[in-house]
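Sequence positions in the sequence shown follow the numbering used here and run 2 to 123.
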Amino acid sequence: GGAGLWQARLRARDMMRLMNCVQCSVCRLHGKVATLGMNTGMQILLGQEGRGGDAARMHRVEVAALIQALYKMLSSIQTVRQMESELQVAGLVGEGEPIKMGGYDGEISRGGDGEWGEEWAQ
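If you want it as structure tokens, here you go:
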């Protein structure tokens, strides 16, 4: 509802403020761009009142940040898939077998159909 949307906006603003505390200017810039990209994506999905936003009203900086954030997510997904493949080739994990994650209470796995398992959805 509206309260959850308001909380999400406050958290996003807090993240941008937190980025100001990062000492490395390059890290601060990348953090702010990533945060702006995620905020822009949320704004498109949810809009002002939780019913979706108008993507045509985005500023060019928001468009660039959104594209960069999507690129980083895609790159991360590709890296995970590559690591899964390397683990399978090395015989450390079987096809569709859950991969144990250190420091994580659950298991992250993909089934044989390429979909994430029940553990991931929880």
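The beta-carbon is built from N, C-alpha and C at its ideal position, and this holds for glycine as well. Source: prediction; values computed, not measured.
| field | Sequence-distant residues of its chain with Cβ nearer than 6 Å to residue 54 (five each side left out) | value | Excluding positions up to five away in sequence, the list reads 44, 45 and 48.
| residue 42 beta carbon less than 8 Å from that of residue 70 | yes
| message | Only counting the same chain, and skipping five residues up and downstream in sequence, which positions put a Cβ closer than 8 Å to that of residue 89? | response | 95 and 96
| said: Within the continuous alpha helix (DSSP H) that includes residue 60, where are the two ends? | reply: No alpha helix (DSSP H) contains residue 60, which DSSP labels as neither H nor E.
| request: Take residue 16 and list the residues in its own chain whose beta-carbon comes closer than 6 Å to its own, dropping the five residues that flank it on each side. | output: 36
| said: Using only the alpha-carbon positions, how far apart do residue 8 and residue 28 sit? | reply: Roughly 26 Å between the two C-alpha positions.
| task | Measure the alpha-carbon distance for residue 40 versus residue 23 and round it to whole angstroms. | result | 19 Å
| If we ignore side chains and look at the alpha-carbon of each, how far apart do residue 80 and residue 72 end up? | 12 Å
| task | Just mark residue 4 as buried or exposed, buried being the case when its beta carbon has 16 or more other beta carbons within 10 Å. | result | exposed
| field | residue 28: first and last residue of the uninterrupted alpha helix (DSSP H) it sits in | value | 26-47
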